[in-house]
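**Q** Shown below is the structure under consideration.
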Amino acid sequence: MRYTHCFFDLDGTLIDSSPGITHSVQYALRKSGIEPPPADTLTCFIGPPLLDSFRKYFHMSLTDATRAVAFYRENYRAGGMLECRVYDGIRHLLDRLTENAVVPVLATCKPTCFAEQILAHFGLRDLFAFVSGPELDGTRGEKHEVIAYAMEKLGLSDTDSILMIGDRDNDVLGAAAHRIACAGVLWGFGSRDELERAGAAFLCASPLDLEKQIFDSDDTK
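When the letters of the sequence shown are read in order and numbered with our numbering, they come out as residues 10 to 230.
So, in structure tokens, the structure goes:
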């Protein structure tokens, strides 16, 4: 096998988390005194760090954005985190990797405590060798930091043996910071153009397509 480890993003890659995230963003905006737009216009919040997104899309100061993240987490903890579903084909893909000695690792910008709970809820936690995400205080808030932390904890140095898998440009760019190839998935919340511009090594239309690329292609790098 070309790859020994596959690093997965969570939101938009393993799970469709749009209802819980967008509803929690709406809640945070209301608590911040801002009338929220429709939920389907807030999918830009899925993937990148929340603090950055509140500042970028609603022009908040660092203080206001930090407060908005706290409001978001009120709703998310109260049930928003489980307003999601595992994409069809993901469980089969993870099983196939494990059966072929390819190690799945979670590398997400969602706080580790939430990511762990979501994986456990859907019966996926045991399929991952390690879960790498930020702390609630913002430590490891960027994708390249999450990837670096996973590599450190797993003792990985051969970047050619790692494949990052994600749906947004921050997945591709975070991987590139460590000279790791990234497969861009088209079933999530990033566009083909976004992923191509970021430099994704290849694009996949479905989990089955990704499985074929990992196991069948000699030209994925």
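Note that CB positions come from ideal geometry on N, CA and C, so glycine has one too.
#1: Please list the segments of the alpha helix (DSSP H) lying wholly inside the region 102 to 140, counting only runs of 4 or more residues, in order along the chain.
#2: Please classify L217 as buried or exposed, where buried requires at least 16 neighbouring CB atoms within 10 angstroms.
#3: What residue from L136, G56, H130 and L91 has the CA that sits closest to V111's CA?
#4: If N179 sits next to P47, beta carbons under 8 Å apart, how far is it from one beta carbon to the other, in whole angstroms?
#5: Rounding to the nearest angstrom, what Cα-Cα distance links A190 and T168 in this structure?
#6: Helix or strand or just coil, what does DSSP make of M173?
#7: Distance, Cα to Cα, K221 vs F211?
#8: Beta-carbon within less than 6 Å of A157's beta-carbon, same chain only, minus the 5 sequence neighbours each way: which residues are those?
#9: Could you spell out where the beta strand (DSSP E) holding F224 opens and where it closes?
#10: Would you mind giving the Cβ-Cβ distance between L163 and V194, rounded to the nearest angstrom? I have them listed as a contact below 8 Å.
#11: Are Y12 and F80 close, meaning C-beta to C-beta below 8 Å?
#12: Do you know whose CA, among M90, K40 and V78, lies nearest D25's CA?
#13: Going by the beta-carbon positions, is the gap between L60 and V78 smaller than 8 Å?
#14: Which residues in the same chain as T22 place their Cβ atom closer than 7 Å to its Cβ, once the five residues preceding and following it in sequence are excluded?
#15: Nearest-angstrom Cα distance between L165 and I171?
#16: DSSP state of D61, grouped into three classes?
#17: What does a CB cutoff of less than 7 Å around S62 pick up in its chain, not counting 5 residues either side in sequence?
#18: Identify whether I24 lies in helix, strand or coil by the three-state DSSP scheme.
#19: For F232, name the three-state secondary structure that DSSP assigns.
#20: Out of T75, Y66 and D49, which has the shortest C-alpha to C-alpha gap to D146?
**A** In short:
#1: 121 to 130
#2: Classification of L217: exposed, given that the 10 Å Cβ count is below 16.
#3: Minimum Cα distance to V111 is reached at L136.
#4: Contact between N179 and P47 is absent: CB atoms are separated by about 24 Å, not below the 8 Å threshold.
#5: 8 Å
#6: strand
#7: 12 Å
#8: none
#9: Unbroken run through F224 is the alpha helix (DSSP H), P216 to D225; no beta strand (DSSP E).
#10: With a Cβ gap of about 22 Å, L163 and V194 do not count as contacting.
#11: no
#12: M90 is the residue among M90, K40 and V78 whose C-alpha sits nearest the C-alpha of D25.
#13: yes
#14: I174, G175, D176, V194 and G197
#15: 9 Å
#16: helix
#17: C53 and F54
#18: strand
#19: Not covered by the structure: residue 232. The range shown for the chain is 10 to 230.
#20: T75
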